[in-house]
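In our numbering, the protein residues as written are 790 to 1195.
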RNA sequence: GCUGGGGUAGUGAAGCGGUCAAACACAUCAGACUGUAAAUCUGCCGGCAUAUGCCUUCGGGGGUUCGAAUCCCUCCCCCAGCACCA
């Protein structure tokens, strides 16, 4: 499949300055995309863009990943204590490393270059910047930006000058990469369109060059109409410290029918034929959740590796599909305790709190009273003390393990 | 800098001296029904406690009062308008 067809079929086409997207099939480009190092991990929203980029690279385009070290440093205008300035730099370094590692993982062996805009911004003088870049920006245009408009005015949360300047910095990034790396295309999220356009203008005005933008659509949950990837506990992260492999797998497994098709196309590398077969099989017997199961497995494999994917798949089997808990061996129990929260607290209520299934003793007790808690498949209504390895279940799909493995 | 409006639970938003752990809505969590789905109905929804009980909250600090989220002072932050500068 050609890149343009692939992008179209998978739903990655949104808005672009390219006259004809088929240009991507014939003209290899060097493109970049920017990421914000404000966290040390991607969320599923960025993950979608990463997958899209993967298709770009595998079709012969050269990729440059820009980590916003400079933008990250001014990212929190609230921190005006000068002493604290140093800490964010270390943190940004750490976040940068984490994010780059994740991209490597998602891209498999595909090559890409990493740059940090701190490299070129650290030596730039404010006056020079205003003279060379600032004068090319029209205030009216800047003020017209959606993100500015939504922050100013009634009900807006306000915007600082630093944050407002993001546009200029991002615009300059593009210009700089155009000059130094021959970058002629920027890939971005749809919310970054305005900022990206700044770069295109700048390149035209200053260098007389032509550059383009490709923005990816926001992945929407069709049922709620909201941005996809948020869940009860907040965002779903690729980092297993933030979202355990088990929860990650469960997140995809619980995806609704209306969305599976989209998610399979966006988040997996399965071919058109495979996905279509999967979907028709799934529609014939929706209650079997075939498509969701495959989706969860494929994505977990991609992000956390095959071994972990198989492990959580097996655990899910035990937990949901009638596999017997008693039959698990000690080593399997150990494996299980890696994927779901576990504790050695033998009293039930403290154990629920310790594992985070309940936020307080009161909540734990309430859950118990409402019949939400069961151990080893038996519903409970009051606190008790367990005597051996015990699987505790809250609601339908939240578990923890009381183990005595130490 | 001036003038006016505002900062209340995860979010939005009532309350405007006692009856406020704080209406209402949404979100979350749980129960029923299901396919670990959606929709719907029900309950919970600051902490501790079996509890009619106690404790801690209404931007920060201080004060008035028997009593403050509610009044006063002060500081911080947001919004709007005006002025100033350019």
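Positions of the beta carbon are idealized from the N, C-alpha and C atoms, including for glycine.
Out of 833, 1190, 825 and 809, which has the shortest C-alpha to C-alpha gap to residue 1009? The residue from 833, 1190, 825 and 809 with its alpha-carbon nearest to that of residue 1009 is 833.
Can you list the beta strand (DSSP E) stretches of 3 or more residues lying completely in the stretch 1028-1075, in chain order? Runs found: none.
Under the rule that 16 or more other beta-carbon atoms within 10 Å means buried, what is residue 1182, buried or exposed? Classification of residue 1182: buried, given that the 10 Å Cβ count is 16 or more.
Going straight from the alpha carbon of residue 932 to that of residue 1054, what length do you get? So the two alpha carbons sit approximately 37 Å from each other.
Indicate the three-state DSSP secondary structure (helix, strand or coil) for residue 1131 in the structure shown. In this structure, residue 1131 counts as strand in the three-state DSSP scheme.
Between the alpha carbons of residue 830 and residue 1027, how many angstroms are there, rounded? So the two alpha carbons sit approximately 6 Å from each other.
Tell me which same chain residues have a C-beta within less than 7 Å of the C-beta of residue 858, skipping the five on either side of it? So the list reads 826, 881, 885, 905, 906 and 907, once near-sequence residues are dropped.
Cβ-Cβ distance between residue 987 and residue 954 below 8 Å: Going by C-beta atoms, residue 987 is not nearer than 8 Å to residue 954.
Below 7 Å CB to CB, which residues in the same chain sit around residue 1080 once its five sequence neighbours on both sides are set aside? A distance below 7 Å between beta-carbons, with the five flanking residues on each side excluded, links residue 1080 to the following residues of its chain, in chain order: 1049, 1053, 1067, 1068 and 1071.
Please go through the stretch 802-882 and give each complete beta strand (DSSP E) segment of 3 or more residues, from N-terminal end onward. Along the stretch 802-882, the beta strand (DSSP E) occurs as fully enclosed runs of 3 or more residues at 819-824 and 851-856, listed in sequence order.
What residues in its chain sit with their C-beta under 6 Å from that of residue 1199, if we drop five residues either side in the sequence? With the chain covering 790 to 1195 only, the question about residue 1199 has no answer from this structure.
Bridge partner(s) assigned by DSSP for residue 1176: Residue 1176 is bridged by DSSP to nothing; it lacks a bridge partner.
Please state the DSSP three-state secondary structure of residue 899. Coil, per DSSP.
Exposure label - residue 1136; buried when at least 16 CB within 10 Å: Looking at its Cβ environment, which holds fewer than 16 other Cβ atoms inside 10 Å, residue 1136 is exposed.
Please classify residue 975 as buried or exposed, where buried requires at least 16 other C-beta atoms within 10 Å of its C-beta. That one is buried.
Which residues does DSSP list as the beta-bridge partners of residue 910? Its beta-bridge partners do not exist; DSSP assigns none.
Would residue 983 and residue 838 be called neighbours here (beta carbons separated by less than 8 Å)? For residue 983 and residue 838, no; Cβs fall outside 8 Å.
Taking the alpha-carbon positions, what's the residue 799 to residue 845 distance? Residue 845 has its alpha-carbon roughly 13 Å from the corresponding atom of residue 799.
Quick one: grab the DSSP three-state call for residue 1161. Residue 1161 falls in the coil class under three-state DSSP.
Which first and last residues belong to the beta strand (DSSP E) in which residue 1191 is found? Following the DSSP letters along the chain, one finds residue 1191 inside the beta strand (DSSP E) bounded by residues 1187-1191.
From the DSSP output, in three-state form, read off residue 905 for me. The answer is strand: DSSP assigns residue 905 an E or B state.
When we look at the beta-carbon of residue 870 and count the other beta-carbons within 10 Å, is it buried (16 or more) or exposed? Confidence is the limiting factor: at residue 870 the pLDDT is only 37, short of 50, which leaves the residue's position unreliable, though a coordinate-based value still follows. By the neighbour-count rule (16 or more Cβ atoms within 10 Å), residue 870 is not buried but exposed.
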